[in-house]
Amino acid sequence: MTDHADEETPQFVTFQSWRIRVAIAVVFFALIMVASALVPDGPYLLTTGPVFFIGFTAYSIALHRSVVIRLEDDAVDIRLGLHKARIPYEDITAAAVGPRTEWWRIGRRRLDDRATGYLTGGPSVLISTGSTSVVVSAAKSYRVAGAIQRKCDHLAEERGAARSRPAAEAAEPAPQQGRTTR
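Counting from 1, position 100 in the sequence shown corresponds to residue 434 in the numbering used here; the numbering is continuous, with no gaps.
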């Protein structure tokens, strides 16, 4: 058995579809061109330069959206841009392949069934807890759901084994002092 420090934490990354990226690129390119045409003539670094810089920064943030799912030792960590969520394995009741999400519903959203969505469009994983559920975009949703479910099952087995050990130790009779057996 390998030391846990040598193991790598499983991580699943899902990017936006290339169709969404192309659409965002076209829209931002048009906006930058219109904005640069509206800026008055003058020193480039004081007028048009900031327009391009702000436009390119916004374009980069919008274009490079991804969902990162990390299976830590005690919880599932989900990150989508600045939004983060941590779901402890002990709270998870089920992890399954979720619905295919629409390409225009991207970002962190409240979905129709009162679930929280971390979406980039496409296949997803549905993580259910006792009171809420979370839908997370995942390109290989069946692999992610299986990995989460295996991790939950493994931790449940460990907890069950840890609980049964004290009961087994209590059932053993204590050795009596003063008597020796030969």
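Backbone N, C-alpha and C define an ideal beta-carbon position, used for all residues, glycine too.
Just so you know, these numbers come straight off a predicted model, no measurement behind them.
Helix, strand or coil at residue i according to DSSP, with G and I counted as helix
i	result
G451	strand
D407	coil
I388	helix
R477	helix
S458	strand
S552	Any property of residue 552 remains undetermined from this structure, which presents the chain solely from 335 to 516.
A369	helix
Q350	coil
L416	coil
A364	helix
R493	helix
I426	strand
G383	helix
R484	helix
Residues bridged to residue i [DSSP beta-bridge criterion]
i	result
Q345	R404
V356	DSSP, once it has assigned bridges, lists no residue as partnering V356.
Residue i to residue j span [Cα, whole Å]
i	j	result
R442	T435	12 Å
E492	M367	59 Å
V401	V347	6 Å
V360	H488	47 Å
I412	I421	8 Å
S467	R448	8 Å
A369	G389	9 Å
A357	L365	12 Å
R404	V410	6 Å
E406	Q350	24 Å
I482	L414	18 Å
A490	G432	23 Å
W520	G494	Any property of residue 520 remains undetermined from this structure, which presents the chain solely from 335 to 516.
A419	R355	25 Å
Assumed close pair residue i, residue j - CB separation to whole angstroms, cut-off 8 Å
i	j	result
R439	L453	6 Å
A430	A479	5 Å
D425	G451	With a Cβ gap of about 18 Å, D425 and G451 do not count as contacting.
D446	Y423	D446 to Y423, Cβ: 27 Å. No contact.
Residue i: CB within 7 Å of a non-hydrogen atom of the ligand GDP
i	result
G389	Annotation note on the ligand GDP: not contained in the displayed structure, which lists no ligands.
Inset, instruction - Assess, as a yes-or-no matter, whether the stretch 454–461 is touched by the stretch 470–482 under the definition of 3 or more beta carbon pairs within less than 8 Å. - result: The stretch 470–482 makes contact with the stretch 454–461, as at least three CB pairs between them are under 8 Å.
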